[in-house]
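Visitor:
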Amino acid sequence: MAVSSIGVGSGLPLDELLTNIMAAESQPLTLMAKKEASYQAKLSAYGNLKGALATFQTAMAALGKSSTFENLQTTIADKTIFTATATNKAASGTYQVNVTQMAQAHSISSAGQTSKTALIGSGADTTLTFQFGTISGGTLTNGAYTGATFTQDANQKTGTVVIKNGDNSLQGIRDAVNAANIGITATLVSDGSATPDHLIFTSNKTGVESSMKIDVSGDATLQGILAYDPAGTQTLKQTSVAQNTQLTVNGFFVNSPTNEVKEAVQGVTLNVIKTGTTSMVLAKDTAAVETSVNSFVKAYNDLTKTFKSLTSYDATSKTGGLLVGDSTARTIQDQIRNTLSSALSGLSNSNMSLPQIGVAFQKDGTLAVDSVKLQKAMDTNYGDIAGLFATVGKTTDSLINFTSSTAATKAGSYDIEVTKLATRGNLTGDVNLNAGSTTIDPNTKLSVTIDGIAAKISLTEGTYTSAQLAALVQSAINGASEISAAGSKVTATIDSNGFLNLQSDRYGSASKVIINSDSGTPASTLLGTVSTGTVGEDVEGKIGGIVGTGSGQILSAGNGSDALGLKIEIVGGNLGSRGRIDFSQGYADRLNKLTDQFIGSDGLITGSTDSLNSNIKRITDDADAFKLRLVDIEARYRKQFSALDSMIASMQRTQTYLTQQLASIAANSSSA
């Protein structure tokens, strides 16, 4: 019978001996486990450092925006009249604001019907065409105009809704109009009379230029209910007049189509709540700047605290952080500190520095803020503080704007020279539309291409003056979904010769206008022999003495320039020398970009953690292989010990037998 464990046969402690031998053989596994644990601890430390750097980078990204330091504080005496927000383009001052009228949308109502759901008319397909514009002159009596005129707003697209059989009830018309999403909200109301149900159309936009005109083609009964021309037939009645917000700012009259009034004061948006008079004070937002500077210092000090906990050594306890002596951590810490210690170039005020505004290093490596110095800097150089923290481009020419830069752009001052201004693509016809009115036939469609985007447009039938025709064409082109989705637009005008001019709103070589006939009234009626316009031109010039690349009004610094990556917008002005741009990259912005080099996919920490993970995997693989070898070693020892156990057990049995035999012989000899 086989024994369950070695040593049973011989009585020797072979199991214990094997256990001790295998413990000695397994010693390398213990060393491997300790090594892996140290790598895992260091990996965790890198994770903590990366998290601290990510938090630091988030703070730097916010502080790296010039608007963080340049906005003004807005104080309104009575905030129930309006609220306001100011940008860095606003100027400090006190403004008296008197709101006399609130913006309002246009609403018109149908005559009462006996049912919301009863079908109206024959059921023939009926097209409702909504135009938006201004109602002028005339008199208004019981909701109807007499002697008024309607002028279409070219900036608002014409909307059409087809009412099909089954939808020709008040409820069906309401649903069809709302589903069309054309800038109209349709609702139903009941007044409790014998014919209680009314269909109400309300423009989604406020302002005098959002009054409605409705042309109805198709079923005669629906025409008798829904047609609305403020200058002609009005089967609907006006229930709410379209009007603008009206106010004065320091006595200057302001007229706005919405209750959100922009640029009544430069750089300020007023959100009007009710009529009334109050004052508004715009002042330097020193509290926000102070908060931002302190946030910068806190973010740096928090990161410094993390570095200290991970890399310092305590001589008393003889313990060190998990990254003590680590080259990656040391490199990161040194680069961040060196960035803060280096001078900035390209500042419009070369005297500005962190110590100048009261930010300085302490003996323990942290930063501190001297609030007295900071206040003095805000009092004397408020507009220059942003340059210490954010990326700022300041031009000496008001018609040139800093647009953007890249990490490759070097701080400095760069001269600007303009050799060609950008132009827009335009098409001008050669038929005099002022000679008489123009009739647009039913089902008139044109094929248009604006800035490379093709679309088909429909023109509403009718007879138009030249100005009305220009507004109709502009509205139809800009309302085409393909063109509006691409961000393209045209402006239609009638020039001094009576010719229709269509100009793209886009600048540059991608700007072009093409119009061809499709059906109905031909394009030649509007444009004569011209169908393809002239292509726009890109701006041309130099930045820092090196020829740049133009795209529309944007001029980009050329290859080989220290300003590479810098983009400026040239919106007008003369050719030739146009001053300079002072471009600076503030500390917060530089630290934000620098941190990318540490925690990005190709950053220092990523490289170090990849190396650690590789080492951990290697140790794991080595341990697994060694464990397999230990199994073989133990099996070999067990086999040898088993053989030894069997041999000794056999010898012990032989010994016992011989002892018994000798004892027997001795006993026999004694008895004889």
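Residues in the sequence shown are numbered from 57 upward in steps of one, following the working numbering.
For every residue, glycine included, the Cβ atom is placed at its ideal position computed from N, Cα and C.
(1) Go to Gln767, then tell me how far its alpha helix (DSSP H) extends in each direction, as first and last residue.
(2) What number of angstroms, rounded off, separates the C-alpha of Asp677 from the C-alpha of Asn104?
(3) Under three-state DSSP, which class holds Phe555?
(4) Assuming Val591 contacts Leu483 under a Cβ cut-off of 8 Å, what Cβ separation, rounded to an integer in Å, is found between them?
(5) Between the region 177-187 and the region 337-348, are three or more C-beta pairs nearer than 8 Å?
(6) Take Thr170 and list the residues in its own chain whose beta-carbon comes closer than 6 Å to its own, dropping the five residues that flank it on each side.
(7) Measuring alpha carbon to alpha carbon, tell me which of Ile191, Thr459 and Ser587 ends up nearest Ser607.
(8) I'd like the list of long-range same chain contacts for Val305, defined as Cβ closer than 7 Å, with 5 residues on each side in sequence excluded.
(9) Under 7 Å Cβ to Cβ from Ile506, same chain only, skipping five residues before and after it: list those, please.
(10) Among Ser537, Glu346 and Ala467, which has the Cα closest to the Cα of Ser406?
(11) Let me know the secondary structure DSSP gives Leu508 once reduced to three states.
(12) Going along the chain, which unbroken runs of the beta strand (DSSP E) with 3 or more residues stay wholly within the region 66-137?
(13) Quick one, are the C-beta atoms of Gln129 and Ala344 less than 9 Å apart?
(14) Can you tell me where the alpha helix (DSSP H) with Met434 in it begins and where it stops?
(15) In the structure shown, what three-state DSSP assignment does Val264 receive?
(16) Taking only beta-carbon positions, decide if Gln208 is within less than 9 Å of chain D.
(17) Around the Cβ of Pro69, are there at least 16 other Cβ atoms within 10 angstroms (buried) or fewer (exposed)?
(18) Quick one: Cα of Gly628 to Cα of Ser565, how far?
(19) Using a Cβ-Cβ cut-off of 7 Å (strictly less than) and excluding sequence neighbours within five positions of Lys121, which residues of its own chain qualify?
(20) Relative to the C-alpha of Thr156, which residue among Val233, Ile413, Lys330 and Gly107 is closest?
(21) Can you tell me which of the three DSSP states Thr462 falls into?
(22) At the level of alpha carbons, what is the spacing between Lys673 and Ala464?
(23) Asn311 by DSSP, collapsed to three states: which one?
(24) Mapping the DSSP letters down to three states, classify Met703 as helix, strand or coil.
(25) What three-state label does DSSP hand Glu538 in the structure shown?
(26) Can you tell me where the beta strand (DSSP E) with Ser348 in it begins and where it stops?
(27) Straight-line CA distance for Lys106 to Ser401?
(28) Using 10 angstroms around the beta-carbon of Ala644, count the other beta-carbons present and answer buried if the total reaches 16, otherwise exposed.
(29) Can you tell me which of the three DSSP states Val546 falls into?
(30) In its own chain, which residues sit with a C-beta less than 7 Å from the C-beta of Ser365, not counting the 5 before and 5 after it?
(31) Can you find the residues in the same chain that come closer than 7 Å, C-beta to C-beta, to Gln418, ignoring five residues on each side of it along the sequence?
(32) Let's test the definition: count the other Cβ atoms within 10 Å of the Cβ of Lys623 and tell me whether it reaches 16, buried, or not, exposed.
(33) What are the uninterrupted segments assigned as alpha helix (DSSP H) that are 4 or more residues long and contained completely in the region 283-338, given in chain order?
(34) Please name the residue, chosen from Ala110, Tyr356 and Lys91, that lies closest to Ala679 on a Cα-to-Cα basis.
(35) Could you tell me the alpha carbon to alpha carbon distance between Ile456 and Gln641, rounded to whole angstroms?
(36) Should Pro692 be labelled buried (16 or more other beta-carbon atoms within 10 Å of its own) or exposed?
Guide: Looking at the coordinates:
(1) It is not possible to answer for residue 767, since the shown part of the chain is limited to 57 through 728.
(2) 27 Å
(3) Correct three-state label for Phe555: coil.
(4) Actually they are not in contact, since the Cβ atoms of Val591 and Leu483 sit about 10 Å apart, beyond 8 Å.
(5) no
(6) Thr251
(7) Thr459
(8) Tyr151, Val153, Ala320 and Val321
(9) Ile533, Ile539, Ser544, Val546, Ser560 and Val569
(10) Ala467
(11) With the sequence shown as reference, residue 508 is identified as Gly, and Leu is not the correct amino acid for it. Correct three-state label for Gly508: coil.
(12) 128-132
(13) yes
(14) Ser427 to Asn437
(15) helix
(16) Given the protein chain composition of this structure (a single chain), no chain D is represented.
(17) exposed
(18) 17 Å
(19) Ala446
(20) Lys330
(21) Thr462: coil per DSSP, three-state reduction.
(22) 38 Å
(23) Three-state result, Asn311: strand.
(24) helix
(25) helix
(26) From DSSP, Ser348 is part of no beta strand (DSSP E) but of the alpha helix (DSSP H) over Thr342 to Thr367.
(27) 30 Å
(28) buried
(29) strand
(30) Gly377
(31) Ala424
(32) Around the Cβ of Lys623, a 10 Å sphere holds 16 or more other Cβ atoms; the residue is buried.
(33) none
(34) Nearest Cα to Ala679 within the set Ala110, Tyr356 and Lys91: Lys91.
(35) Straight-line Cα distance between these residues: approximately 19 Å.
(36) The sequence shown places Arg at residue 692, not Pro. The residue in question, Arg692, is exposed, as its Cβ has fewer than 16 Cβ neighbours within 10 Å.
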